[in-house]
Amino acid sequence: MADRKTPKLAVWKFSSCDGCQLTLLDCEDELLALTEEVRISYFLEATRKVEKGPYDVSLVEGSITTPHDIKAIREVRKSSRVLVTIGACATAGGIQALRNFKKALFANRIDAQAPIAAPRQ
Ligand code: SF4
C-alpha cells in the first residue's frame, strides 16, 4: 500500500466522451499494480475519494471549451508538477474542435450546391 511519500496522481476530465478515462479503467490489473507505486488522489471516474493537491502528475482528458474550463485547467496546471494530456481531445481539440471550422465547412458546401427545382405536378 502506498504511503504519504508516494507520488500523487490526479486524472481530470474536460469536454470529452470519457473514453480515455474508461481505457485507463480497462487496464484493471495494471492499474492495481500502479497503486503500489503512486497514490491515486483524484480520479472521479474511478472513485469519489478526493485528496487535495498539489499533485505530482496530472493526466488530463478532454478539450477546453468554456471560460470555466480555462479557469479550471489553469488551476490544474498550478497544482500539478507534471501535466500530461491524454487522447486526441486534450492534445488537439478532438471532436469539439470541429466547431471552429463550422463556418468554413458550410460555406464550402453551399458553394458546391446547384439550385434544385422540383418538377410541378
Ligand atoms: S480522445 Fe476524446 S473522443 Fe477519443 S476516447 Fe478520448 S475522450 Fe473520447
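Under the numbering used here, the first residue of the sequence shown is numbered 29, with each subsequent residue one higher.
Glycine included, C-beta positions come from ideal geometry on N, C-alpha and C.
Assigned exposure category for residue i - 16 Cβ within 10 Å defines buried
i: Met29; result: Below a pLDDT of 50, predicted positions are generally treated as unreliable, and Met29, at 48, falls in that range; the measurement from the model is reported next regardless. Answer is exposed; the Cβ neighbour count stays below 16.
i: Leu37; result: buried
i: Ile92; result: buried
i: Val39; result: buried
i: Ile98; result: exposed
As assigned by DSSP and simplified to three states, the class of residue i
i: Lys130; result: helix
i: Gly150; result: For the chain, the structure presents residues 29 to 149; residue 150 sits outside this window and is missing.
i: Gly121; result: coil
Paired residues, beta bridge with residue i - DSSP
i: Lys41; result: Glu89
i: Lys36; result: Arg67
Closer than 8 Å to chain B by CB, residue i
i: Arg102; result: Within the model displayed, chain B is absent; a lone protein chain is all it includes.
In chain order, each beta strand (DSSP E) run of at least 3 residues that lies wholly inside the stretch 54 to 114: 67 to 71, 83 to 89, 108 to 114
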